[in-house]
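Colleague: This is the structure, below, for whatever I ask next.
This is how it looks when you write it as structure tokens:
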């Protein structure tokens, strides 16, 4: 989707990744399939491009550090380093005045018992690194479940988060240029099922609207503190006491897919504009209301009916195999 957005602006995209299947490669000018630690391949890749970005926060920091020594990487290493470790991320955001849910570091079963005594139950144990779309997470209903939870994460360094009472989940997307100019989209109210984003609604409801200004201000502070360039997404819980920070994603974000058809400038075009030093585009909505629905697994088989719906704009990703919970596409209902 980034490659498709770059092409009308006159840019050609070169994709680097180790995956055997690269659907972005189907619409890119060049593809390099190589390991993240292949120094020679990384150097050849950097020599072939003018600016480098990433759209996956689990790219190794060492990989980005090597590339950043050769060509501009936007967003930079700092955002990746913070976003890859949930404990670092929470402490970083708290230092900027943000309010995460109650949390504690967990490095052992004894530490988990101590954290549960401090944070309370119910709670959720999350691996500090490499978790997304509900992966690397275990819900804990009582202290008796600590042993099973610790076994489920295989002893990986974790963070324990306390449950919070919230009215809605939402996300804020901010785009920032090298010079510091910023724009932000209307908040998207999100619905998760099984830890995976199912739907995003724009405009959001009243509970989110009451938290939007404070959450947007925090997202801007995060972007400024990281000297961020590109689209940054931050997820929040809308609570009675205001927005609680959940997590950040240093990239274009699933909850921003509605912008492809619902905003004058999509998040993908906005990201390309930002990393290439172009003026940012308007974020005005094209229609009064948009609902984005993820097509997970075989739900993408609905594509004939969706194409027949005049209110629906279908986006299929071209992945070869559907699996339960795998994002095969999305549809924006305008």
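In my numbering, the protein residues as written are 903 to 1236.
Note that beta-carbon positions come from the ideal geometry of N, C-alpha and C, so glycine has one too.
These numbers were taken from a predicted model, which means no experiment stands behind them.
By DSSP, does residue 894 sit in helix, in strand, or in coil?
Modeller: Given a span of 903 to 1236 for the chain in the structure shown, any question on residue 894 remains unanswerable.
Colleague: Am I right that residue 1227 and residue 1098 are in contact with their C-beta atoms under 8 Å? What's the rounded C-beta distance?
Modeller: That pair is a contact at about 6 Å.
Colleague: Could you tell me the distance, in whole angstroms, from the CA atom of residue 954 to the CA atom of residue 1211?
Modeller: Cα to Cα, residue 954 sits roughly 38 Å from residue 1211.
Colleague: Taking the alpha carbon of residue 1175 as the reference point, which residue from 935, 1078, 1009, 969 has its own alpha carbon closest?
Modeller: If we check each option's Cα against that of residue 1175, 1078 comes out closest.
Colleague: Got a sec? Which residues, its chain only, sit under 7 Å from residue 929 by beta carbon, not counting five neighbours each side?
Modeller: Same-chain partners within the cutoff: 905, 906.
Colleague: When you compare the CB positions of residue 944 and residue 936, do they come within less than 9 Å of one another, or not?
Modeller: Yes, the pair counts as a contact, with Cβ atoms nearer than the cut-off.
Colleague: Cβ-heavy atom distance between residue 935 and the ligand ATP below 8 Å?
Modeller: As presented, the structure is devoid of all ligands, the ligand ATP included, so that no description of it is given.
Colleague: Do the region 1044-1054 and the region 993-1007 meet, that is, are 3 or more Cβ pairs less than 8 Å apart?
Modeller: Touching, no, given that fewer than three Cβ pairs across the two stretches are closer than 8 Å.
Colleague: Among all the DSSP beta bridges, which residues are the ones paired with residue 1074?
Modeller: According to DSSP, residue 1074 bridges with 1136.
Colleague: On the criterion of 16 or more Cβ atoms from any shown chain inside 10 Å, does residue 1233 qualify as buried, or is it exposed?
Modeller: With 16 or more Cβ atoms within 10 Å of its Cβ, residue 1233 is classed as buried.
Colleague: Mind checking which residues open and close the beta strand (DSSP E) that includes residue 1098?
Modeller: From DSSP, the beta strand (DSSP E) with residue 1098 extends over 1098-1104.
Colleague: Taking DSSP as the reference, what is the three-state secondary structure of residue 975?
Modeller: Reduced to three states, the DSSP call for residue 975 is strand.
Colleague: Which two residues bound the contiguous beta strand (DSSP E) that contains residue 1047?
Modeller: Neither: residue 1047 is in no beta strand (DSSP E) and is coded neither H nor E.
Colleague: Could you say if the region 1089-1105 and the region 1146-1154 meet the contact criterion of at least three C-beta pairs nearer than 8 Å?
Modeller: Flag = no, the region 1089-1105 and the region 1146-1154 do not touch.
Colleague: Taking the C-alpha atoms as reference points, what is the distance between residue 942 and residue 951?
Modeller: Taking the straight line from one Cα to the other gives about 15 Å.
Colleague: With 16 as the cutoff for other CB atoms within 10 Å, does residue 1196 come out buried or exposed?
Modeller: When all chains shown are included, residue 1196 counts as buried.
Colleague: Could you say which of 991, 1038, 962, 968 lies nearest to residue 949 if we only look at CA atoms?
Modeller: Comparing Cα positions, the closest option is 968.
Colleague: Which partner residues does residue 918 have in the DSSP bridge list?
Modeller: DSSP, once it has assigned bridges, lists 934 as partnering residue 918.
Colleague: What first and last residue would you give for the beta strand (DSSP E) that runs through residue 1038?
Modeller: First-last for residue 1038: undefined, no H or E at that position.
Colleague: With a threshold of 9 Å between beta carbons, is residue 932 in contact with chain B?
Modeller: Looking for chain B here will not work: only one protein chain is present.
Colleague: Taking its Cβ as the centre, do 16 or more other Cβ atoms sit within 10 Å of residue 1041, making it buried, or is it exposed?
Modeller: Residue 1041 should be labelled exposed.
Colleague: From the DSSP output, in three-state form, read off residue 1149 for me.
Modeller: Looking at residue 1149 - three-state DSSP - the assignment turns out to be strand.
Colleague: Quick one: grab the DSSP three-state call for residue 1007.
Modeller: Strand at residue 1007.
Colleague: Could you give the C-beta distance for residue 1153 and residue 1133, rounded to a whole number, given that I count them as a contact under 8 Å?
Modeller: Residue 1153 to residue 1133, Cβ: 7 Å. Contact.
Colleague: If distances are taken between C-alpha atoms only, which option among 1191, 1157, 963 comes closest to residue 1105?
Modeller: It is 1191.
Colleague: Does the Cβ-Cβ distance between residue 1198 and residue 1214 come in under 9 Å?
Modeller: For residue 1198 and residue 1214, no; Cβs fall outside 9 Å.
Colleague: Would residue 1003 pass as a contact of residue 1170 if the rule is Cβ separation under 9 Å?
Modeller: The answer is no: Cβ separation not under 9 Å.
Colleague: Residues in the same chain with beta-carbon distance under 7 Å from residue 1011, minus the five sequence neighbours each way, listed in chain order, please.
Modeller: The answer, listed in chain order, is 1048, 1049, 1052.
Colleague: Among 1230, 1124, 972, 1189, which one has its Cα closest to the Cα of residue 1205?
Modeller: Out of 1230, 1124, 972, 1189, 1230 has the C-alpha closest to the C-alpha of residue 1205.
Colleague: Just to confirm, are residue 1073 and residue 1137 a CB contact at a threshold of 9 Å?
Modeller: Yes, they are a contact pair.
Colleague: By DSSP's criteria, residue 1055 is part of a beta bridge. Which residues make up the other side?
Modeller: Answer is none; residue 1055 lacks a bridge partner.
Colleague: So residue 954 is in the beta strand (DSSP E); what residue range does that whole segment cover?
Modeller: From DSSP, residue 954 is part of no beta strand (DSSP E); its letter is neither H nor E.
Colleague: Would you call the region 977-990 and the region 954-965 touching, i.e. three or more CB-CB distances under 8 Å?
Modeller: Result yes; three or more Cβ-Cβ pairs closer than 8 Å.
Colleague: Does DSSP classify residue 903 as helix, strand or coil?
Modeller: Residue 903 falls in the coil class under three-state DSSP.
Colleague: If you check the beta carbons only, do residue 1160 and residue 1100 fall under 9 Å apart?
Modeller: In this structure, residue 1100 does not lie closer than 9 Å to residue 1160 by Cβ.
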